[in-house]
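Okay, structure first, notes after.
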Amino acid sequence: MATDPKKLDEFLGTPAAPWWRRYVKWVAIGVGVLLLVLLAFRLFGGSTEVRYATQPVERGNLTVTVSATGKLAPTNQVTVGSELSGLVENVTADVNDRVV
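Position 95, counted from 1, in the sequence shown is what my numbering calls 209; the numbers after and before it change by one each time, with no gaps.
Structure representation (structure tokens):
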């Protein structure tokens, strides 16, 4: 009991779909599968030759110069205080001196 698609379209009052519209889904699936295969081949297949540039070793001094402008901030800042009261007579550390 097969029904003719043309008669069904006439009965429902809908225009028949163009012939190419029936194949759009299959063409899209085919293109998607082809893209997946190409992507898989690009990622996992085909070994490319690895090239290295080599040179003989030369021993010498390495000089690095750093120049900067701006404000410096301390890495550690502490407040020094004493529990004893009294008068400070002498400070032997100067600005930018390293105190250990």
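Ideal Cβ positions, reconstructed from N, Cα and C, are used throughout, including at glycine. Only a predicted model underlies this, so the values are computations on that prediction, with no experimental measurement involved.
For the alpha helix (DSSP H) containing residue i, list its first residue and its last residue.
| i | result |
| --- | --- |
| Val215 | One cannot answer for residue 215 here, as it falls past the ends of the chain, which runs 115 to 214. |
Which residues in the same chain have their Cβ closer than 7 angstroms to the Cβ of residue i, if we skip the five residues on either side of it in sequence?
| i | result |
| --- | --- |
| Val213 | Ala207 |
Can you tell me the Cβ-Cβ gap for residue i and residue j, rounded? I've got them flagged as a contact below 8 angstroms.
| i | j | result |
| --- | --- | --- |
| Asp123 | Pro132 | Their Cβ separation, rounded to whole angstroms, is 12 angstroms, which puts Asp123 and Pro132 out of contact at 8 angstroms. |
From residue i to residue j, what does the alpha carbon distance come to, in whole angstroms?
| i | j | result |
| --- | --- | --- |
| Asn190 | Ala182 | 21 angstroms |
| Thr193 | Gly184 | 24 angstroms |
| Phe158 | Arg165 | 19 angstroms |
| Arg173 | Arg156 | 42 angstroms |
| Leu201 | Gly195 | 13 angstroms |
| Phe125 | Gly146 | 36 angstroms |
| Leu148 | Glu163 | 26 angstroms |
| Ala167 | Leu153 | 29 angstroms |
| Gln109 | Thr179 | Outside the displayed range of the chain (115 to 214) lies residue 109, so it cannot be described from this structure. |
| Trp140 | Val151 | 16 angstroms |
| Ala142 | Trp134 | 12 angstroms |
| Gly127 | Gly144 | 33 angstroms |
Using a Cβ-Cβ cut-off of 8 angstroms (strictly less than) and excluding sequence neighbours within five positions of residue i, which residues of its own chain qualify?
| i | result |
| --- | --- |
| Lys120 | Ala130 |
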